[in-house]
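In terms of the numbering used here, the sequence shown opens at residue 9 and continues consecutively.
Just so you know, even glycine gets a beta-carbon here, dropped at the ideal spot from N, CA and C.
Predicted model only: the values in this text are computed from it and were never measured.
First up is the structure itself, then whatever we jot down about it.
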Amino acid sequence: MEIKAIEISIPENITAEVGERTITVTGEKGSIERELWYPGVSIRMKDSKIIVKAEKIRKRQAAMVGTLASHIQNMIQGVSEGYTYRMKMVFAHFPIQLRVEGDHLSIANFLGEKKPRSARIHSGVDVKVAGDLITVTGINKED
9 MEIKAIEISI
19 PENITAEVGE
29 RTITVTGEKG
39 SIERELWYPG
49 VSIRMKDSKI
59 IVKAEKIRKR
69 QAAMVGTLAS
79 HIQNMIQGVS
89 EGYTYRMKMV
99 FAHFPIQLRV
109 EGDHLSIANF
119 LGEKKPRSAR
129 IHSGVDVKVA
139 GDLITVTGIN
149 KED
């Protein structure tokens, strides 16, 4: 078994900074800073590439190399293209009502409940409700 390393190319319109435990990626849509660290896995910058490498031949470290590289690729895609999720409300008997109220999404009449439920909207995320369609847009895939 050989030591696993993954190289991630950084597009021209995106800048990336690798700190000791944090990575900052900046692009057209905004900036994402994230703490990415795992014992025995190093992340470093070389030219216009980010290299994620396991220091020893261990199964868990090799798996984390792939996971951390995927997180970095998602950050790059988020600041360049962004993410948009479209959902549709479906109900049979109790008509659900959604409203965006500041930084919360209010869900009324969910399964016939008297009290409305509330979901927090993270900063940098835009939620739009149009009839039975919900559109969630943002740069961070995990928010």
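Listed in chain order, the beta strand (DSSP E) runs fully inside the segment 28 to 78 are 30 to 34, 39 to 43, 49 to 54, 57 to 62, counting runs of at least 3 residues.
In the structure shown, Ser88 falls within a helical segment according to DSSP collapsed to helix, strand and coil.
Just measuring C-alpha positions, the residue of Gly120, Ala138, Ala13 sitting nearest Ile65 is Ala13. Rounded to whole angstroms, Pro103 and Lys136 show a C-alpha spacing of 18 Å. In the DSSP assignment, the residues bridged to Ile142 are Met95, Val137.
Approximately 21 Å separates the beta-carbon atoms of Glu15 and Lys67; this is outside 8 Å, ruling out the contact. For Ile16, the enclosing beta strand (DSSP E) covers residues 13 to 17.
The secondary-structure analysis by DSSP pairs Leu119 with nothing; it has no beta-bridge partner. Boundaries of the beta strand (DSSP E) around Glu109: 105 to 109. Its chain contains Arg29, Thr30, Ile31, Ile51, Leu76, His79, Ile80 as the residues whose beta carbon lies nearer than 8 Å to that of Leu44, once the 5 sequence neighbours on both sides are disregarded; these appear in chain order. The beta-carbon distance between Val98 and Gly35, rounded to whole angstroms, is 35 Å. This is too long to meet the 8 Å contact definition. A direct Cα-to-Cα measurement between Pro19 and Ser131 gives close to 26 Å.
The straight-line gap separating the alpha-carbon atoms of Gly110 and Val144 is approximately 14 Å.
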